[in-house]
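Visitor: One structure, as structure tokens, below. Some questions next.
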Amino acid sequence: MIKDLIHSAFDEESKPFWDGLMNEKLLIQYCSDCHQYIFYPRTICPHCFSEDISWQESCGNGRIYSYTVVHQAFGQFKGDTPFVVGIIELDEGVRMMSRIIGDKEQIAIDQPVSVVFAKVENELVLPYFQVT
1 MIKDLIHSAF
11 DEESKPFWDG
21 LMNEKLLIQY
31 CSDCHQYIFY
41 PRTICPHCFS
51 EDISWQESCG
61 NGRIYSYTVV
71 HQAFGQFKGD
81 TPFVVGIIEL
91 DEGVRMMSRI
101 IGDKEQIAID
111 QPVSVVFAKV
121 ENELVLPYFQ
131 VT
């Protein structure tokens, strides 16, 4: 079910991101003109409107910018509650929403985290983050 939802969001712009996750690589875009990293995937740079964008592997490290504890979920994640979802600010400067795994008592704003790759379905890997 979750795979169907995410696969419906696959498009030419985001395909390298999803393919990277399948190979346990967190890929983000980089603009060669203004030297800014970009997330979420798109065809032009939101900073300078250049089309000179490439994919680069993120170091996978960052900090918790914000988070919440989910107590009610549906579908595949219903049995996982409570779990933590947060906004991660990667060392490259972009922010992404993701699940944060580990001891909930250790989770705090500005806490360092690193990416882990969770195979949630046969053909679907998601980037989760854990406190480091």
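Under UniProt numbering, the sequence shown has 97 at position 97, and the numbering climbs by one with no breaks. Note that beta-carbon positions come from the ideal geometry of N, C-alpha and C, so glycine has one too.
Can you confirm whether S14, when its beta carbon is compared against all beta carbons of chain C, has any partner nearer than 8 Å?
Guide: Within the model displayed, chain C is absent; a lone protein chain is all it includes.
Visitor: What residue range is occupied by the uninterrupted beta strand (DSSP E) comprising L124?
Guide: Element bounds for L124: 124-131.
Visitor: Any idea which residues DSSP pairs G86 with across the strands?
Guide: Per DSSP, Y67, S98.
Visitor: Throw me the rounded Cβ distance for the V116 and F129 pair, which I believe falls under 8 Å.
Guide: Their Cβ separation, rounded to whole angstroms, is 7 Å, which keeps V116 and F129 in contact under 8 Å.
Visitor: What does a CB cutoff of less than 8 Å around G102 pick up in its chain, not counting 5 residues either side in sequence?
Guide: So the qualifying residues of the chain are Q130, V131.
Visitor: Three-state secondary structure (DSSP) at F17?
Guide: Reduced to three states, the DSSP call for F17 is helix.
Visitor: Please name the residue, chosen from C45, D11, V125, that lies closest to S54 on a Cα-to-Cα basis.
Guide: Checked all of C45, D11, V125; the closest Cα to S54 is C45.
Visitor: Can you give me the C-alpha to C-alpha distance between E89 and S66, rounded to a whole angstrom?
Guide: Using only the alpha carbons, I get a separation of about 9 Å.
Visitor: What does the alpha-carbon distance come out to for the pair I38 and D80?
Guide: In a straight line, the C-alpha of I38 is about 31 Å away from that of D80.
Visitor: Can you give me the C-alpha to C-alpha distance between E92 and G75, rounded to a whole angstrom?
Guide: If I take the Cα positions, the gap works out to 33 Å.
Visitor: Can you tell me the Cβ-Cβ gap for I64 and A118, rounded? I've got them flagged as a contact below 8 Å.
Guide: Not quite, the Cβ-Cβ distance comes to about 17 Å (not below 8 Å), so this is no contact.
Visitor: Between the C-alpha atoms of D52 and P16, what's the straight-line distance to the nearest angstrom?
Guide: Each residue's alpha carbon lies about 16 Å from the other.
Visitor: Where does the unbroken beta strand (DSSP E) through C59 begin, and where does it stop?
Guide: Run containing C59: none; DSSP gives neither H nor E here.
Visitor: From this set, V85, L21, K25, which residue's C-alpha is nearest Q72's C-alpha?
Guide: With distances taken between Cα atoms, Q72 lies closest to V85.
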